[in-house]
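First to last, the sequence lines map onto chains A, C and L.
Here the numbering used here is used: position 151 in the first sequence is 151, and no number is missing along the way.
Positions in the second sequence are counted from 1; adding 1000 to them yields the numbering used here.
Positions in the third sequence are counted from 1; adding 2000 to them yields the numbering used here.
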Amino acid sequence: MSFVADVVRAARALPQNLRHDLHPGVSADDSPGSRLRRSFLYHLFPLRVTERALAPATTFGLGLVSVALFILLTVTGLLLMFYYVPTPRDAYGSMLDIDNVVTFGRLCRRLHRFGADLMVAVVLLHLVRVVAQAAYRRRELNWLIGLGLASLLVGLAFTGYLLPWDQRSYWAVRVVTELLGLLPVVGRAMQLVLVGGAEVGAATLSRFYALHVALLPLGMLGCLVWHLWRIRKDGGLAAVEVDPPTVAAWPHLVLRVSLVLLGTTALVLFVALVQDAPLAPLANPLRPENPEKAPWYFLAVQEMVSYSALTGGVVIPVLTALGFLALPFLDRADLDVGYWLGARGERRTVLVAVVASGVVLGLGTVAYLTPELGAVLEALPPWAHDVLNPAGLMLCWTALVVVGTGLRTDAVRPALRAGIGALFVGLCVFTLLGMLRGPDWGLASPWEAFRRVF
Amino acid sequence: MSFDPRHDSRRLFELLLLVASVLFAGLAIAAAQGLSRPWKAFQAQFVALGLGKSEVPPGIVEVSTCDGDVDRCTTCHLGAARLDLNVAAIGHPFRSHRPALGSHTPERMGCTACHGGVGRALDVDRAHALAGTAGVDPLLKTPFVLASCGRCHVPGDRPGTETLVQGALLYLQLGCAICHSLTAGGIGAWDDGPELRALGRRSKVELETSLFEPAADFPESTMPSYEPTFEGHPEELTVLSTYVQALTLTRLPACATAAARDLGALSVACSRCHLDGGPAAGVPHRCSYILERKAELRCRGCHGAATGKNAAQDCPVVAAHRPACVACHWGSETLRR
Amino acid sequence: MKKTRPPEAASVSDAVSRRDFLADSGRLVTAACLAGVTAGAVRLSLPDVESGRRPRARLGAPADFKMGTVTWLQEHELFVCHKAHGFAAFSSRCPHLGCTVRRTTTGFRCPCHGARFDPEGRVVSGPARRALDWFAVETGPDGQLWVDRSRATEPGSFTPLRVAAAESAG
Ligand code: HEM
Ligand code: FES
Chain A
1 MSFVADVVRA
11 ARALPQNLRH
21 DLHPGVSADD
31 SPGSRLRRSF
41 LYHLFPLRVT
51 ERALAPATTF
61 GLGLVSVALF
71 ILLTVTGLLL
81 MFYYVPTPRD
91 AYGSMLDIDN
101 VVTFGRLCRR
111 LHRFGADLMV
121 AVVLLHLVRV
131 VAQAAYRRRE
141 LNWLIGLGLA
151 SLLVGLAFTG
161 YLLPWDQRSY
171 WAVRVVTELL
181 GLLPVVGRAM
191 QLVLVGGAEV
201 GAATLSRFYA
211 LHVALLPLGM
221 LGCLVWHLWR
231 IRKDGGLAAV
241 EVDPPTVAAW
251 PHLVLRVSLV
261 LLGTTALVLF
271 VALVQDAPLA
281 PLANPLRPEN
291 PEKAPWYFLA
301 VQEMVSYSAL
311 TGGVVIPVLT
321 ALGFLALPFL
331 DRADLDVGYW
341 LGARGERRTV
351 LVAVVASGVV
361 LGLGTVAYLT
371 PELGAVLEAL
381 PPWAHDVLNP
391 AGLMLCWTAL
401 VVVGTGLRTD
411 AVRPALRAGI
421 GALFVGLCVF
431 TLLGMLRGPD
441 WGLASPWEAF
451 RRVF
Chain C
1001 MSFDPRHDSR
1011 RLFELLLLVA
1021 SVLFAGLAIA
1031 AAQGLSRPWK
1041 AFQAQFVALG
1051 LGKSEVPPGI
1061 VEVSTCDGDV
1071 DRCTTCHLGA
1081 ARLDLNVAAI
1091 GHPFRSHRPA
1101 LGSHTPERMG
1111 CTACHGGVGR
1121 ALDVDRAHAL
1131 AGTAGVDPLL
1141 KTPFVLASCG
1151 RCHVPGDRPG
1161 TETLVQGALL
1171 YLQLGCAICH
1181 SLTAGGIGAW
1191 DDGPELRALG
1201 RRSKVELETS
1211 LFEPAADFPE
1221 STMPSYEPTF
1231 EGHPEELTVL
1241 STYVQALTLT
1251 RLPACATAAA
1261 RDLGALSVAC
1271 SRCHLDGGPA
1281 AGVPHRCSYI
1291 LERKAELRCR
1301 GCHGAATGKN
1311 AAQDCPVVAA
1321 HRPACVACHW
1331 GSETLRR
Chain L
2001 MKKTRPPEAA
2011 SVSDAVSRRD
2021 FLADSGRLVT
2031 AACLAGVTAG
2041 AVRLSLPDVE
2051 SGRRPRARLG
2061 APADFKMGTV
2071 TWLQEHELFV
2081 CHKAHGFAAF
2091 SSRCPHLGCT
2101 VRRTTTGFRC
2111 PCHGARFDPE
2121 GRVVSGPARR
2131 ALDWFAVETG
2141 PDGQLWVDRS
2151 RATEPGSFTP
2161 LRVAAAESAG
């Protein structure tokens, strides 16, 4: 009978034993704050953080939102994998099944789709924040890791886009892989590695699938951990004060983090409740849709490529990537690091540059689209088409802005910021224009474009 | 602004509770959405009406279609394959299929092969490709559903395909074939119109716009308006539209050889043009475009003043003669080579 | 060796110690292995056979293509053009970024970024920088038309074929 008594005793003591055995070194009456010291969270968070780091306007929590989205995408993506079949014959049918006969499948697909869309936007804003606060100073390595994360994200978004094997994904991938082939030296090899044969087909789909569900997410996870670890190693958020006031991480930081994670999930969930994830008709290798449009974050590139594949698809992306890579090594000033847009006078200069870019690039693009100028340009030799177009204008104008601002302010940082501002304004103009493209690549009125989307 | 830890943590807990509740509410709605099964209501209704043979509804019914896909239409259309439910009082989705199905039962071929729609979907809007499901070809509704016969059959090889024969004939008589050739995915003799199959499925309204007001969609179009032609002949318009719909439907691979196999049964279609085995005397041109441009097209040069004989090989109308075969044999591999 | 180090040898700080040498060699070998494996992985992902279309393909009998017509052969992604001066075949792939062009009343147009071409495939406007690809057409021993994709030709160059002329005259 003592056996029974033992079992009963063990069962009654279970809650306490569990608590003790699973949290070694923590006693039941420890406060959450002191538990944090010993627990796993301690390895994620510092014990104290600056008050400034907690203020919402410092970072808007953008990095954290990206982390939340990464978790959401991993979970929903793994669930989608249960049903998704990566062959040209079955992929589209399995997407229809996920949408129609898998319990919670539609929800899952929407969460994955909108989570991905949001993540691209949030990561972009995160990057803008870092630039606008010069937070890359003395954090050069983490800036580079961040750029790695951004490129992995673009890779994930692009490879994921092919998986439904619908008209949109098929033609987007055909065009982009063709574009890769234009890159000097490595282009052709990169194209072959991605496509896996002469034509976009079964080999391409399995390669994209492997990249999308294994290689890139693993790379992303690795970089993400490294990125977060570097933040602590670098002493938290970038700032200039010597001895800033701090507060305890518990509860002020930990609860804020929880808030952002839950809030992000709730946001995507509510979008997913009302909006349907798009699915075009089955891929037809013989007939592109008219017009064939890229997802919103590639619209600017698509628009530029429609002026010139070389300038818009190769030169500008490569130069932009190089520029971002070099950014923290060009700007060596320690002034105002961690503060939005630095000093007052500098702010004005950047603002002027951005507004001027809007005017110049907007007008330039509109002029380019007028039939009169079109007729003049058409008469020029082919190489001139690669230069004399809005994308070329953006490139030259950005260079001009960088040099001009640099000469005026005699400082590197405002010059770089003004240049990045000009670039962003240009990309916004192209994105807007891309949204207006209608059948046969003609321009539709904003109203019509709006109607087509909704 | 000094930091007050007590106040801050309190506010944080409140906010966290709020956000968590919102998330919970969202998840509850999502659960309700995800677990709703509109088709179950139909099946329950079917049983309640006393139409079901058993008290237990069948669950999701899936049949394989002859194009190698699956459809689940009969999950709700429970009476489609039954002959006994053809009562006016029984509405959709339970009614029997009105023209008797014969060998074309849903179990053998599925429903989407003829009717279109999204066979894998189970809610009304999506399955029927109603508004909001942009990009999916709409369901083929009653007069046009005959277009689907052409997915397997050569017009004229079977009773029931007369509409397509008439449509093919109109296509020739009205001169459509001259610009919109059907040869091997080809382009018309006068190099003008795009190949209609390449344009894809178009709705009834879109088709009518193209016929009556060609410039509305394609500003550079040289196609004449066919509005006068069809005035007072709505049935001809339906027949031609059905035929054009049929052209754009993909042929079913399983049936692709049917056309070749059924060549012997084609006398109906051929004799429409080759009266008494003679040349294409059965195709009087009714196209105002051709008639007005007789001089410009130098028809006389080939046809002689009076007779329709001795047409030279490179006359565009003769070039259209080949499309005349293809008018019935479109997509048939044997005839494309 | 330890005891007999010649005095004229480099100072101790310049000399590479045995331990450092071994460590460096170890690093080098490790790096070489990693580099080799990476190169191998990249090489693996470069396909050796690009299963796809063969350069030469049969288009059909010359009589299939009526005089004055342009025929789109979907499965070959080619337009076959028959004119008084002969046959020609050109690609229906847009030379910009590879979408499939469509025929219009004035030539061809690409839906992807709006390139336009004239009836012989030369660029009229838009982002394409060269004409649609023209390929050599010939008659095979079987009397059929063949295209040879490995031989590009100038836009507008037709292959005169007597076979076809004889047939259409007869
Ligand atoms: C971390 C960032 C990620 C991004 C930005 C991303 C992006 C995307 C996108 C844009 C799609 C197309 C969605 C659609 O058309 O509905 C997609 C699909 C898919 N993703 Fe991801 N994804 C991510 C992570 C993951 C992970 C970690 C997995 C699995 C381990 C995964 C598995 C899948 C699967 C199976 C699909 C196909 C189903 C579908 O298209 O909805 N994804 N992804
Ligand atoms: S692919 Fe044809 S215009 Fe870009």
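All C-beta atoms in this analysis are idealised placements derived from N, C-alpha and C, irrespective of residue type, glycine included.
Quick caveat: nothing in here was measured; it's all calculated off a predicted structure.
For this session: Starting from the C-beta of residue 225 (chain A), find all residues in its chain whose C-beta is less than 7 Å away, skip the five residues before and the five after it, and write them out in chain order.
Result: none
Exercise. Where does the unbroken alpha helix (DSSP H) through residue 1010 (chain C) begin, and where does it stop?
Worked result: 1005–1035
Exercise. Would you say the beta carbon of residue 2115 (chain L) comes nearer than 7 Å to a heavy atom of ligand 2?
Worked result: yes
For this session: Between the Cα of residue 1052 (chain C) and those of C:1080, C:1065, C:1026, spot the shortest distance and give me the residue it belongs to.
Result: C:1080
Exercise. Beta carbon of residue 1238 (chain C), beta carbon of residue 1143 (chain C): below 8 Å?
Worked result: yes
Problem set entry | Contact check, residue 188 (chain A) vs residue 181 (chain A), beta carbons under 8 Å | yes
Exercise. Tell me the DSSP bridge mates of residue 2082 (chain L)?
Worked result: L:2087
Exercise. In three-state DSSP terms, what is residue 1943 (chain L)?
Worked result: Nothing about residue 1943 (chain L) can be reported from this structure: the residues present for chain L run from 2001 to 2170 only.
For this session: Pick out the complete alpha helix (DSSP H) segments inside the segment 1037–1125 of chain C, 4 residues or longer, and give them in chain order.
Result: 1038–1048, 1106–1109, 1112–1115
For this session: Give me the Cβ distance between residue 1171 (chain C) and residue 1243 (chain C), rounded to the nearest whole Å; I'm assuming they're in contact under 8 Å.
Result: 6 Å
Problem set entry | Outcome for residue 1277 (chain C) when other beta-carbon atoms lying within 10 angstroms are tallied against a minimum of 16 | Here residue 1277 (chain C) scores only 46 on pLDDT, less than 50, and its place in the model should not be relied on; the value that follows carries that caveat. Burial call: exposed.
Exercise. In chain L, which residues lie less than 9 Å from residue 441 (chain A) when you measure between Cβ atoms?
Worked result: 2109, 2110, 2111, 2112, 2113, 2114, 2115, 2126
Problem set entry | residue 240 (chain A): CB within 7 Å of a non-hydrogen atom of ligand 2 | no
Exercise. Got a sec, what are the start and stop residues for the beta strand (DSSP E) residue 50 (chain A) sits in?
Worked result: 48–50
Exercise. Hey, quick one: how far does the beta strand (DSSP E) through residue 169 (chain A) stretch, first residue to last?
Worked result: Where residue 169 (chain A) is concerned, there is no enclosing beta strand (DSSP E), although the alpha helix (DSSP H) it sits in stretches over 167–180.
For this session: Taking residue 197 (chain A) as part of the beta strand (DSSP E), name the residues at either end of that continuous run.
Result: It is not in any beta strand (DSSP E) - residue 197 (chain A) carries neither H nor E in the DSSP assignment.
For this session: Name the two residues that bound the continuous beta strand (DSSP E) containing residue 1145 (chain C).
Result: That residue, residue 1145 (chain C), is in no beta strand (DSSP E); it is neither H nor E in DSSP.
Problem set entry | Cβ-heavy atom distance, residue 1111 (chain C) to ligand 3, below 7 Å | Ligands present in the displayed structure are limited to ligand 1 and ligand 2, and ligand 3 is not among them.
Exercise. Taking the Cβ atom as the reference point for each residue, do residue 1083 (chain C) and residue 1046 (chain C) lie within a distance shorter than 8 Å?
Worked result: no
Exercise. Contact between the segment 2134–2153 of chain L and the segment 2085–2094 of chain L: three or more CB pairs below 8 Å?
Worked result: yes
For this session: Report yes or no: do the segment 120–140 of chain A and the segment 228–238 of chain A share at least 3 C-beta pairs separated by less than 8 Å?
Result: yes
For this session: Measure the alpha-carbon distance for residue 50 (chain A) versus residue 246 (chain A) and round it to whole angstroms.
Result: 4 Å
Problem set entry | Contacting positions in the segment 304–335 of chain A - beta carbon closer than 7 Å to chain L | 305, 306, 307, 308, 309
For this session: Below 6 Å CB to CB, which residues in the same chain sit around residue 2071 (chain L) once its five sequence neighbours on both sides are set aside?
Result: 2065, 2080
Exercise. Helix, strand or coil for residue 282 (chain A) per DSSP?
Worked result: strand
Exercise. Can residue 2097 (chain L) be considered in contact with ligand 2, in the sense that its beta carbon sits closer than 7 Å to one or more heavy atoms?
Worked result: yes
Problem set entry | Own chain residues within Cβ distance below 6 Å of residue 171 (chain A), not counting five before or after | 288, 292
Problem set entry | Cβ contact (3+ pairs, closer than 8 Å) linking the segment 141–155 of chain A and the segment 246–265 of chain A | no
Exercise. Can you find a heavy atom of ligand 2 that lies under 7 Å from the Cβ of residue 438 (chain A)?
Worked result: no
Exercise. Got a sec: is the Cβ-Cβ distance from residue 247 (chain A) to anything in chain C below 8 Å?
Worked result: yes
Exercise. Taking C-beta to C-beta, are residue 179 (chain A) and residue 305 (chain A) nearer than 8 Å?
Worked result: yes
For this session: Determine the extent of the beta strand (DSSP E) in which residue 2107 (chain L) is found, giving its start and end residues.
Result: 2107–2109
Problem set entry | Residue range of the alpha helix (DSSP H) that includes residue 464 (chain A) | There is no way to answer for residue 464 (chain A), as the model of chain A reaches only from 1 to 454.
Problem set entry | Close Cβ partners of residue 2125 (chain L) (< 6 Å) along its chain, the five nearest in sequence each way excluded | 2116
Exercise. On the three-state DSSP scale, how would you describe residue 370 (chain A)?
Worked result: coil
Problem set entry | Nearest-angstrom Cα separation, counted from residue 60 (chain A) out to residue 1016 (chain C) | 17 Å
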